[in-house]
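Here's the structure we're looking at; comments come further down.
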């Protein structure tokens, strides 16, 4: 990080940056103290960010390092809001993040879930997560028999959600569903995705074949971090338009 | 008699960054630093090995965006200017440190490095350093690998076969255009594998690819030989799984070789240390501190004062580390002898830029490794296609979704800070497919607009942008790039829909984002869906 970059900012920009970083700044704080505090927070933040990555990612990151710390001071953090919130089409997309979490986003024709909900006289809007017995034949998701499902009630201003997947080595899809007292309407359905199995170190080296176990031990699997830790919980669980605008 | 093999696979990649609208652009230095510290030193290593008759074999992927930048006349000129300025700074530093003996050998080293770079870049390679690599490809030392056109992280685009197809075919055209060869191997960006990607690879003539360790180990039927042998997929392609132990010893900053205290410290750079009025003229905008490439300290330790870097001591250590690497592989190899029916293979895939840019002594380590390998006969280096040819199918299975990113899957490219972008890149793909269907045989201005639209869609998919946002390095630039490409695409899409394409604007954009000159928008034509 360079102190000079912070020193080049106006007081107002420094205060804005401090607010973004969650610093509580008294009105009469000296500029130099504010810069010191910001430097400390930003450096800590970057250290934390780096430690969240595995060795490989930490090293890959160096390719893009031209300085010790990048700071966003131009207010361009809201770039997301410069893109449309809706493309006015009805769809739901299921993106597998890891064997435990999927990111689901959706869009509706007309752009507004609340309008649609009103028109359909629905009580609730749900994301229905379905577990299937197998991959569908062809493009017909309906041909993939559902063995289990659960619903997540969403707000009319939500447009995405991280979904926790309870079973691995399974097939999942998501649907956008409107429910009324006596009926429900499945508005759209994602493709089915295969969620791979996960194994522990003990499972990998627990073969009945002692030769295979001996060979697996030679791979030094204790260095394979995913055998010991679960993927992190996604840092935001769904985001409303309002939240997006306030970023 | 060789009892096992080492596959060293390097992946050279940088995102497309070219901003001629600025006199000096911060992020263009990614390329200049990589040329100076990685690509040129590696070429010298290869030449020395060749001159000394040392046998060596490695697999190398050079991403199409990097190929385009290395062949770009304007960027070549800017690299020359970068080096000349650096040599000027070295001269100034020689003056400033006159009388301080401890700096002399370091500055001599930097002067020799950058003078050799400049001389060879201009005189030996006539600015086209890919020619240097082509020589070794033709000689059979380097096996060329393909990767996707803009380094898209493919699992997050698995619902869009047309886009994956366009990424692959555009990449193939670029590589064939420069090297006149069709690679047989594929480097999945970030080792991001999803079941089915091998179908697209097979369509373009690929025979094998690399995966993360657990992409192989987590298969439903446990592979008998783990990652010590490639796995033949149901469609006949071979997957080579990363060997954790050998990768770890090079990748790990703490336990790996690059963290040794005698090696050069990456972070202490005079661009950050010296007064701004002195160093300012050598910084991109004269004001914002950044790395200059002149670093005087050794890693030394985690705490306390850093010691001055000693190049001779580091060179000695490199040889020790190469010997240690070989010793550890041979130790495992000896034990594997009774457990396997075919020769084991140790697959070591690395980012090329790790060697030289981050681990300054990395190219020397590669040289020492091949020299050490040549002094014994139990472990040899081999190309993946040669292994497949000689030993055929050793084990079969269906690899599973995986990557080499943190926690092994997609969280580096899909998290709370980056999830927003997929809605838009996916939509751009859908629209691009519609355009390719709607305009099957366009020529002239419309075809130019469609080709540029295809470029913008591909550029928006680079895995670098979500990676950088996740890593928190040059976040605002990465966000701006995604936005810029999506907005450019949308503007072309709207213009084509309304039948009003602005020639002036399009020409300007074509000059700016000039990547993949031979792109064909028809690569995005709707494909029959895979089932």
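Chains as they are written, first to last, in our numbering: chain Y, 139 to 385; chain B, 577 to 1107. All C-beta atoms, glycine included, are put in the ideal place defined by N, C-alpha and C.
query                                                                                                                                                                                  : result
Just to confirm, is the Cβ distance from residue 1013(B) to residue 1101(B) under 9 Å?                                                                                                 : yes
Let me confirm a value: residue 263(Y) is counted as buried when at least 16 other C-beta atoms fall within 10 Å, else exposed. Which label applies?                                   : buried
Would residue 791(B) be called buried (16 or more neighbouring beta carbons within 10 Å of its own) or exposed?                                                                        : buried
Would you kindly work out how many angstroms separate the C-alpha atoms of residue 908(B) and residue 957(B), rounded to a whole number?                                               : 16 Å
In angstroms, rounded to a whole number, what distance separates the CA positions of residue 1071(B) and residue 1042(B)?                                                              : 28 Å
Are the beta-carbon atoms of residue 1016(B) and residue 635(B) separated by less than 9 Å?                                                                                            : no
Expressed to the nearest angstrom, what Euclidean distance is found between the alpha-carbon atoms of residue 726(B) and residue 742(B)?                                               : 10 Å
For the alpha helix (DSSP H) containing residue 1073(B), name the first residue and the last one.                                                                                      : 1051-1074
Who are the near neighbours of residue 1045(B) in its chain, counting only those whose CB is closer than 6 Å to its CB and skipping five residues on each side?                        : 993, 994, 1051, 1054
Let me know the alpha helix (DSSP H) ranges lying completely inside the region 666-723 of chain B, each 4 residues or longer, listed in chain order.                                   : 677-695, 706-714
Along the chain, where does the beta strand (DSSP E) that runs through residue 231(Y) open and close?                                                                                  : 229-236
Give a yes or no on whether 9 Å exceeds the smallest Cβ distance from residue 912(B) to chain Y.                                                                                       : yes
Residue 931(B) bridges to which residues according to DSSP?                                                                                                                            : 935(B)
Beta-carbon of residue 215(Y) versus every beta-carbon of chain B: anything under 9 Å?                                                                                                 : Confidence in residue 215(Y) is poor, its pLDDT being 48 and thus under 50, which makes the residue's placement too unreliable to answer from.
Have a look at 886(B), 852(B), 593(B) and flag the residue whose alpha-carbon is nearest the alpha-carbon of residue 876(B).                                                           : 886(B)
Anything in chain B within Cβ reach of residue 370(Y), meaning under 9 Å, just list it in chain order.                                                                                 : 982, 983, 987, 991
Between residue 238(Y) and residue 155(Y), which are expected to be in contact by the criterion C-beta below 8 Å, what is the C-beta distance as a whole number of angstroms?          : 35 Å between Cβ atoms; not a contact.
If we ignore side chains and look at the alpha-carbon of each, how far apart do residue 311(Y) and residue 732(B) end up?                                                              : 15 Å
In chain Y, which residues lie with their C-beta within 7 Å of the C-beta of residue 798(B)?                                                                                           : 345
Could you please tell me which residues of the region 240-258 of chain Y, in chain order, have their CB closer than 7 Å to any CB of chain B?                                          : 241, 243
Can you list, in chain order, the residues of its chain with a C-beta nearer than 7 Å to that of residue 810(B)? Leave out the 5 residues immediately preceding and following it.      : 974
Just to confirm my understanding: we take residue 1082(B), look at its own chain, exclude 5 residues before and 5 after, and list those with CB closer than 7 Å. What are they?        : 1024, 1025, 1028
At least one CB of chain B closer than 9 Å to the CB of residue 212(Y): is that the case?                                                                                              : Since pLDDT at residue 212(Y) reaches only 44, below the 50 mark, its modelled position is unreliable, and the value read off the structure follows with that caveat. Chain B contact via Cβ: present.
According to DSSP, what are the bridge partners of residue 239(Y)?                                                                                                                     : 236(Y), 302(Y)
Between residue 315(Y) and residue 296(Y), is the Cβ-Cβ spacing less than 9 Å?                                                                                                         : no
Could you pull the DSSP bridge partners for residue 925(B) from this structure?                                                                                                        : 585(B)
I'd like to know if residue 606(B) contacts chain Y, where contact means its C-beta is closer than 9 Å to some C-beta of that chain.                                                   : yes
Which value, in whole angstroms, describes the spacing of the CA atoms of residue 209(Y) and residue 577(B)?                                                                           : At residue 209(Y), the pLDDT of 48 sits below 50, so the modelled position is not reliable; the number obtained from the coordinates is stated separately. Cα to Cα, the separation comes out at about 56 Å.
If residue 863(B) and residue 856(B) are in contact, beta carbons under 8 Å, what's the gap, nearest whole angstrom?                                                                   : 7 Å
Give the straight-line distance between the Cα atoms of residue 580(B) and residue 952(B), rounded to the nearest whole angstrom.                                                      : 12 Å
Following the continuous alpha helix (DSSP H) through residue 349(Y), name the residue where it begins and the one where it ends.                                                      : 348-355
Check whether the region 929-942 of chain B touches the region 972-991 of chain B, counting contact only when three or more Cβ pairs, one atom from each stretch, lie closer than 8 Å. : no
Quick one, are the C-beta atoms of residue 269(Y) and residue 286(Y) less than 9 Å apart?                                                                                              : yes
If we count the other Cβ atoms within 10 Å of its Cβ and call it buried at 16 or more, is residue 339(Y) buried or exposed?                                                            : exposed
Looking at chain Y, which residues of the region 1015-1027 of chain B have a Cβ within less than 7 Å of any of its Cβ atoms?                                                           : none
In chain order, what residues of the same chain have a beta carbon less than 6 Å from the beta carbon of residue 604(B), not counting five sequence neighbours either side?            : 593
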